[in-house]
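Visitor:
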Amino acid sequence: MAPLRDCKAWQDAGLGLSTASNEACKLFDAVLSQYATWRNDENLGGIEGCLSKLKAADPNFVMGHVIANGLELIGAGSSVRLNKDLGSALKTMTTLSRSQPLTEREKLHVLALDMFARGQLPKACDVWEQILQNHPTDLLALRFSHDTYFYLGYQIQMRDSIARVFPFWTPEVPLSSYVKGYYAFGLMESNFFDRAEELAREALDINRTDAWSVHTIAHINEMKAEVEKGLAFMKETEDNWKDSDMLITHNYWHWALGFIEKGEYEAALTIYDNHIAPRLLSGRSMLGIVDSSSMLYRLHLEGVKLGDRWDDVLKRAKKHTKDHVLLFNDAHVMMSSLGAKDQKTTDELLTTLQELAKDPGEDHELSLAPSVGLPLCQALVEFENGNCDKAVDLLYPIRYQLIHLGGSNAQRDIFSQLLIHAALNCKSQAKQNLAKCLLRERDVIRPNSPMTERLIRRAAAVHSVA
Numbered sequence: 244m245a246p247l248r249d250c251k252a253w254q255d256a257g258l259g260l261s262t263a264s265n266e267a268c269k270l271f272d273a274v275l276s277q278y279a280t281w282r283n284d285e286n287l288g289g290i291e292g293c294l295s296k297l298k299a300a301d302p303n304f305v306m307g308h309v310i311a312n313g314l315e316l317i318g319a320g321s322s323v324r325l326n327k328d329l330g331s332a333l334k335t336m337t338t339l340s341r342s343q344p345l346t347e348r349e350k351l352h353v354l355a356l357d358m359f360a361r362g363q364l365p366k367a368c369d370v371w372e373q374i375l376q377n378h379p380t381d382l383l384a385l386r387f388s389h390d391t392y393f394y395l396g397y398q399i400q401m402r403d404s405i406a407r408v409f410p411f412w413t414p415e416v417p418l419s420s421y422v423k424g425y426y427a428f429g430l431m432e433s434n435f436f437d438r439a440e441e442l443a444r445e446a447l448d449i450n451r452t453d454a455w456s457v458h459t460i461a462h463i464n465e466m467k468a469e470v471e472k473g474l475a476f477m478k479e480t481e482d483n484w485k486d487s488d489m490l491i492t493h494n495y496w497h498w499a500l501g502f503i504e505k506g507e508y509e510a511a512l513t514i515y516d517n518h519i520a521p522r523l524l525s526g527r528s529m530l531g532i533v534d535s536s537s538m539l540y541r542l543h544l545e546g547v548k549l550g551d552r553w554d555d556v557l558k559r560a561k562k563h564t565k566d567h568v569l570l571f572n573d574a575h576v577m578m579s580s581l582g583a584k585d586q587k588t589t590d591e592l593l594t595t596l597q598e599l600a601k602d603p604g605e606d607h608e609l610s611l612a613p614s615v616g617l618p619l620c621q622a623l624v625e626f627e628n629g630n631c632d633k634a635v636d637l638l639y640p641i642r643y644q645l646i647h648l649g650g651s652n653a654q655r656d657i658f659s660q661l662l663i664h665a666a667l668n669c670k671s672q673a674k675q676n677l678a679k680c681l682l683r684e685r686d687v688i689r690p691n692s693p694m695t696e697r698l699i700r701r702a703a704a705v706h707s708v709a
């Protein structure tokens with residue numbers, strides 16, 4: 244790892260920071276590096292440890308406040324509406340920014356976070372892009388925008404945002420190999436699989452512990468239904484990404500998806516029990532809740548008995564019932580409350596979201612709740628209650644709008660699976676026929692998928708009984 248940058252090094256990079264404290268500058272770099280590489284580095288003290296020391300080194304360092312608040316917001320597990328401490332921290336940041344001379348770049352960082360906190364995610368991205376036009380190696384603006392485009396389902400923007408600055412990320416720029424991985428992910432999500440894999444492997448040749456680039460290749464194998472290749476790749480690389488604590492659960496989730504695809508449910512559950520569930524209970528990341536809910540729900544759709552596993556997921560998910568930061572997260576919290584058969588939490592999630600959606604203001608996510616978020620959550624409820632015809636009626640008209648909920652193509656595939664399973668279980672012959680149409684479509688896009696073949700056989704059996 245390159246030496247942590249002091250005041251002069253940041254200035255020399257064209258990214259001057261408004262503090263006289265070299266220690267604060269180095270700690271800012273330490274936090275940024277850990278965020279960029281998806282791992283808490285114990286040698287540096289971890290992100291939380293570095294943020295604490297950063298605040299002590301210069302309590303008035305605005306970009307220190309920006310990175311601390313930004314990471315809390317980007318984590319998407321905390322609502323400014325409910326978390327008064329976060330609201331207060333943002334207010335302090337804004338007040339500090341007005342009380343001292345800052346660079347234009349730093350002022351824009353404060354503005355972007357203020358917009359994100361208000362739910363104006365697309366506008367926040369516009370501000371980060373403004374920064375990148377003049378400062379293409381501002382990694383904080385690059386990652387914050389990259390992550391937010393992901394939440395918005397803006398796949399093309401996520402790809403092109405990196406493309407515009409990519410030529411500036413030459414090998415001598417710290418962390419440049421990781422930017423290859425970010426670009427590879429954007430290419431993959433917009434179906435440029437070959438170029439994406441080429442770049443991800445270039446990044447891994449430079450640093451084999453780059454868990455994000457491993458994750459991009461896992462996505463490619465998943466989307467192409469190259470199951471055996473995908474399972475072998477995760478096994479071969481496991482030792483390289485095991486220390487990436489922020490991404491390890493998600494990479495194990497990808498590994499388990501390969502086994503679910505093959506119908507090897509016990510192998511998938513072994514990964515869940517050994518690697519995903521323990522980290523869910525000991526961690527506090529929203530991604531851990533999403534991964535656990537997504538995996539168990541896929542197994543539930545396949546008819547696998549899950550015992551009391553949902554109860555542990557709900558223990559972690561329940562406190563996010565009223566957050567409504569991202570509709571994508573709401574849907575996964577809903578899966579956990581339905582799986583654990585907690586009617587009170589299910590009702591609370593729906594009623595609080597319905598109430599907020601009546602007056603969304605400029606909150607981007609809440610503005611999508613009536614047309615996309617609520618129908619999806621209601622479809623999950625109807626399916627669980629055995630009302631499959633109603634679930635299809637809710638889900639089928641919005642299937643092409645679900646991208647606006649964000650997440651990856653692989654993650655959102657769970658909603659396609661739900662629609663197919665619901666249609667297969669319908670009493671109506673027209674909807675059973677819809678299931679077959681959806682399966683034909685799936686088979687063309689991802690040929691040789693064992694899951695699709697399994698569902699096609701089931702659809703044929705349903706038809707023959709009918």
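What the sequence shown shows, in the numbering used here, is residues 244 to 709, in sequence order. All residues carry an ideal CB built from backbone N, CA and C; glycine is no exception.
#1: Is the stretch 530–539 close to the stretch 552–565, with three or more CB pairs under 8 Å?
#2: Which value, in whole angstroms, describes the spacing of the CA atoms of Ile641 and Ala332?
#3: From Glu372 to Ile290, what distance separates their C-alpha atoms?
#4: Helix, strand or coil for Gln363 per DSSP?
#5: Cutting at 7 Å between CB atoms, please list the residues of its own chain near Met694, excluding the five before and the five after it.
#6: What is the DSSP secondary structure of Trp768, reduced to helix, strand or coil?
#7: If you follow the alpha helix (DSSP H) that Met431 is part of, which residue opens it and which one closes it?
#8: Are there 16 or more other CB atoms within 10 angstroms of the CB of Ser536, so buried, or fewer, so exposed?
#9: May I have the straight-line CA-CA distance separating Val708 from Phe626, to the nearest angstrom?
#10: Looking only at C-alpha atoms, which of Asp590, Leu544, Asp632, Asp488 sits nearest to Asp656?
#11: Per DSSP, what kind of secondary structure is Val708 in: helix, strand or coil?
#12: Anyone know if the C-beta pair for Leu596 and His567 falls short of 8 Å?
#13: What would DSSP say about Ser456, mapped onto helix, strand or coil?
#14: Within 10 angstroms of the Cβ of Leu698, are there 16 or more other Cβ atoms? Answer buried if so, exposed if not.
#15: Relative to the C-alpha of Ser419, which residue among Met431, Asn464, Leu383 is closest?
#16: Can Ala279 and Tyr421 be called in contact, C-beta distance under 8 Å?
#17: Taking 8 Å as the threshold (C-beta atoms), are Leu442 and Lys423 in contact?
#18: Check Leu258 in the structure and name its three-state DSSP category.
#19: For the candidate residues Ser692, Leu677, Ile688, Asn691, whose alpha-carbon lies nearest to that of Ala702?
#20: What would DSSP say about His664, mapped onto helix, strand or coil?
#21: Could you check whether the stretch 297–312 touches the stretch 484–496, counting it as contact only if at least three pairs of C-beta atoms, one from each stretch, sit closer than 8 Å?
#22: By the 10 Å Cβ neighbour count, where 16 or more other Cβ atoms means buried, how is Thr492 classified, buried or exposed?
#23: What residues in its chain sit with their C-beta under 6 Å from that of His462, if we drop five residues either side in the sequence?
#24: Considering Cα atoms alone, identify which of Glu591, Leu611, Asp590 is closest to Ala600.
#25: DSSP three-state call for Tyr495: helix, strand or coil?
#26: Would you mind reading off the limits of the alpha helix (DSSP H) that contains Leu333?
#27: Would you list, in sequence order, the uninterrupted alpha helix (DSSP H) runs of no fewer than 4 residues that lie entirely inside the stretch 519–543?
#28: Can you give the beta carbon distance from Phe658 to Leu619, rounded, assuming they're within the 8 Å contact cut?
#29: With 16 other CB atoms within 10 Å as the buried threshold, where does Ala319 fall?
#30: Is Phe197 helix, strand or coil by DSSP?
#31: Look up Ser487 in the DSSP assignment and say whether it is helix, strand or coil.
#32: Tell me which residue opens and which closes the alpha helix (DSSP H) that Cys669 is part of.
Guide: Answer, in terms of the structure:
#1: yes
#2: 38 Å
#3: 25 Å
#4: coil
#5: Glu504
#6: This structure leaves residue 768 out entirely; the chain is present only between 244 and 709.
#7: 419–432
#8: buried
#9: Note that Val708 scores a pLDDT of 47, beneath 50, so its modelled location is shaky and nothing firm can be said.
#10: Leu544
#11: With a pLDDT of 47 at Val708, under the threshold of 50, the modelled position of that residue is not reliable, and no figure is offered here.
#12: yes
#13: helix
#14: buried
#15: Leu383
#16: yes
#17: yes
#18: coil
#19: Leu677
#20: helix
#21: no
#22: buried
#23: Met431, Ala653
#24: Leu611
#25: helix
#26: 327–341
#27: 520–525
#28: 7 Å
#29: buried
#30: The requested residue 197 does not occur in the structure, where the chain is confined to residues 244 to 709.
#31: coil
#32: Neither: Cys669 is in no alpha helix (DSSP H) and is coded neither H nor E.
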